[in-house]
Each structure stands twice: as C-alpha cells, then as structure tokens.
Amino acid sequence: MQEADAEANQQLTTLEGWRRFASPDQTEPPVLLSPAELGRLSPAERALYDEDRLDHHARMLVVATSFVKKTVVCGRRLVLLNRRAISARRGLMVSGLPGTGKTSAITQLGLAHELLDRARHPHVRGRIPVVYITVPPAATARMIAAEFARFLGLPVRRSSNITDIIEAVVGVCTDTRTGLILIDEIHNISQVTRAGADVSDTLKYFSERLPATFVYAGINLETSELLTGVRGAQIAARFTLVPTRPFPYGDEWKGLVATLEETLLLHDHPPGSLDKLDRYLHGRTDGMIGALSHAIRGAAIDAILDGTERVTKAGIDAIPLDHAAETTNKPLAKALTR
Numbered sequence: 178m179q180e181a182d183a184e185a186n187q188q189l190t191t192l193e194g195w196r197r198f199a200s201p202d203q204t205e206p207p208v209l210l211s212p213a214e215l216g217r218l219s220p221a222e223r224a225l226y227d228e229d230r231l232d233h234h235a236r237m238l239v240v241a242t243s244f245v246k247k248t249v250v251c252g253r254r255l256v257l258l259n260r261r262a263i264s265a266r267r268g269l270m271v272s273g274l275p276g277t278g279k280t281s282a283i284t285q286l287g288l289a290h291e292l293l294d295r296a297r298h299p300h301v302r303g304r305i306p307v308v309y310i311t312v313p314p315a316a317t318a319r320m321i322a323a324e325f326a327r328f329l330g331l332p333v334r335r336s337s338n339i340t341d342i343i344e345a346v347v348g349v350c351t352d353t354r355t356g357l358i359l360i361d362e363i364h365n366i367s368q369v370t371r372a373g374a375d376v377s378d379t380l381k382y383f384s385e386r387l388p389a390t391f392v393y394a395g396i397n398l399e400t401s402e403l404l405t406g407v408r409g410a411q412i413a414a415r416f417t418l419v420p421t422r423p424f425p426y427g428d429e430w431k432g433l434v435a436t437l438e439e440t441l442l443l444h445d446h447p448p449g450s451l452d453k454l455d456r457y458l459h460g461r462t463d464g465m466i467g468a469l470s471h472a473i474r475g476a477a478i479d480a481i482l483d484g485t486e487r488v489t490k491a492g493i494d495a496i497p498l499d500h501a502a503e504t505t506n507k508p509l510a511k512a513l514t515r
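Set out below in structure tokens:
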C-alpha cells in the first residue's frame, strides 16, 4: 500500500506529484566519481551509486527548445492579459504529433508559473497556483470533474453528483488562488458525441467560474473533433494555437543531441562522440525529441547495466523506439550510416 501511495505521489495529476516535480531537489543529478573514488567503493556502495545513475538517466530531461520557450512566453503573456479580465479569458492550445514535446512544454509553463508564484508569496502556505489533469478516453463530464478533484485531493464518492464535485473544486481553486490550469490529452474530447459535448461544456463552465488561464494540449488539434461545431468554434475563437512539429536536421537538432550528451553520467563515454551521430539520430528518430531522449537515455542505462559505460551507435540501435519511428525511419537510418 505504501509503495502504491509513493507511486501515485510521483504522478503530475496529483498535487503531491506536481509539487515534487516543482521541487528544486528534483533537478540535482548525482556526482560522477573519479576512478580513484570509484575504486574505494564497497560492492554495496557501488550498487547504490549505479542505482542513482540509473535513476538519473531514467528521468525525462526537459530541454529548453525553441518550442518550449515559445509555449512558456505565450502562456505567460496570456496569464498576464487574463489577470484583470472578468470574462472571456483567453487560453492556449498546444498541438502536434506524438513525441514532439507537447507535455514537456506545458509542464514547463506550469513550472515557471508555480515558481514565480512561490517567489511572489514566499511566506504564504496553502496556495495551489497550478492544476494539471489529463482527459481520459471516452471521458464524461463527471469524470473530468473527478480528475480536478483527484488532483486537489478532494474525496469523490459514488453518491457525489457532478454539481457537488464542481462546487468543491471551484471553491478550493478560488481559495488557493489557482491561476493556471493545464489539461493534457484534450484530443480525447469529441464534440460530435453527447458525452464529448458535455465534457466541453463542463470545461467551459470551469473557465467561467475560475479566474485562471486554461491550457490545452493534444494531438493535431487543428483537425480534431475538439474544434468542430458551435462549441469548437467557441474554443477556436478564444484559444491561441501553438503548433509543434518534428525538428528539421540543423543547428537546433545538433544542439539537442549535444545537450542530451552533456547529461550522461558514464565513466568511459568520450565527450562529443554523439555529435558525429547527430544525422543518424535524426534519421532514426524522425526528428522527434521524445524518441531522441528515449534512445540516448535507454542506451545510457544499458551501458551502466552491461559495464561498457559509454553510448555507442550499436547501443542506440539496440533500443526499440516507438512503432512509428521504427517503421518509418529504419530504411533512412540505414542509408545515413552507409
């Protein structure tokens, strides 16, 4: 039971998990020991040291790409513009293919807002500046309200009707000065179904009751059923769209590879060796930052487990990527390395 609670507290869709994400301690990597220091470790100490490095590489590194920066700037602008608005607050939609960094971008916006709120109110306890939820598949209006309640730690009983849940959520968010609400996987809402329309209406009601900026993130929202019909037209008229796409091969891509390489904590990895593989990595991952991060971090974990302590092309080749990257880019990756 304790393990289950600890795992739940890691999730961004709970207040405890979000606060852990926003904690400064989360970004501190372990120190890479020198060969002499490594030799003085006992077997048990070496196992713990390696476990810390494995945990470091298992974390999803967020790189300040141009897309992340644009999302944060646009989101901060909307928060400021909405600060004095009494109705018709504007929101932000982040749209793109899977693996292009949508979730990373909106959570970085949330992190920036959270840290700024803490700096402005250093001695005030109990504030909840940011709420983060995801839309489950085939969601109903009650399920969405329950997701808000779950983040806030409010009890949701079978006997609780949607009105009771909404009023409890609005009350807590108002009292705790929630200013930014992040809603991920918004493409799961379809305006052409009765349930989807109810979910859309519920989110609109939340936006009217709460003095907060709403941020949606989802897959290809421009062509999704979220923006169809009258309700979709209302969303399109009130939300600014920030699209994301795969990175082209160029200076920013090379910078991404170099930045990820700098985070490696391996004892026998030649610095700069991944620079020579940047074109291969682009072909292998189709320019998707999610696939790039997965490939490099996965190869680093294998390098610790097998004792080679370096990331190589062969090691990256051994990491299975998502089906789209594997099926689309395998011929291209082979061609780039001939």
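Residues 178 to 515 (the numbering used here) are what the sequence shown spells out, left to right.
For every residue, glycine included, the Cβ atom is placed at its ideal position computed from N, Cα and C.
In this text, all values refer to a predicted model and were calculated from it rather than measured experimentally.
| Around the Cβ of Ala235, are there at least 16 other Cβ atoms within 10 angstroms (buried) or fewer (exposed)? | With fewer than 16 other CB atoms across the displayed protein chains lying within 10 angstroms of its CB, Ala235 is exposed.
| task | Thinking Arg267 and Thr417 are a contact (beta carbons under 8 Å), I'd like their distance in whole angstroms, please. | result | Their Cβ separation, rounded to whole angstroms, is 7 Å, which keeps Arg267 and Thr417 in contact under 8 Å.
| task | Can you check the stretch 402 to 438 for any beta strand (DSSP E) of at least 3 residues that lies completely inside it and give the ranges in chain order? | result | Inside the stretch 402 to 438, DSSP marks whole beta strand (DSSP E) runs of 3 or more residues at positions 416 to 420, from first to last along the chain.
| field | 8 Å contact criterion, which Ala389 and Val271 should meet: CB distance rounded | value | With a Cβ gap of about 17 Å, Ala389 and Val271 do not count as contacting.
| Between which two residues does the alpha helix (DSSP H) containing Leu231 stretch? | Note, Leu231: alpha helix (DSSP H), Pro220 to Ala235.
| field | Range covered by the alpha helix (DSSP H) that runs through Ile478 | value | It spans Ile466 to Leu482 - the alpha helix (DSSP H) in which Ile478 sits, taken as one unbroken run.
| request: Express the C-alpha separation of Arg304 and Ala345 in angstroms, rounding to a whole number. | output: Taking the straight line from one Cα to the other gives about 16 Å.
| request: Provide the residue(s) that pair with Asp361 in DSSP beta bridges, ordered along the chain. | output: Beta bridge pairing from DSSP links Asp361 with Thr311.
| query | Counting along the chain, where does the alpha helix (DSSP H) carrying Gly460 start and finish? | reply | Asp455 to Thr462 is the extent of the alpha helix (DSSP H) around Gly460.
| request: Please report how far the alpha carbon of Asp229 lies from the alpha carbon of Asp341, in whole angstroms. | output: Take the alpha-carbon of Asp229 and the one of Asp341: they are about 44 Å apart.
| query | Could you give the distance in angstroms between the alpha-carbon of Pro448 and the alpha-carbon of Leu331? | reply | Pro448 and Leu331: Cα-Cα distance of roughly 49 Å.
| query | Hey, is the stretch 307 to 321 in contact with the stretch 349 to 369, meaning 3+ C-beta pairs nearer than 8 Å? | reply | Because the criterion of three Cβ pairs below 8 Å is met, the stretch 307 to 321 and the stretch 349 to 369 touch.
| request: Ignore the nearest five residues each way along the sequence and tell me which others in Leu255's own chain have a CB closer than 6 Å to its CB. | output: Closer than 6 Å at the Cβ level, and outside the excluded window around Leu255, lie Arg267, Leu269 and Thr390.
| Glu402 and Val369: beta carbons closer than 7 Å? | Between Glu402 and Val369, the gap from beta carbon to beta carbon is short of 7 Å.
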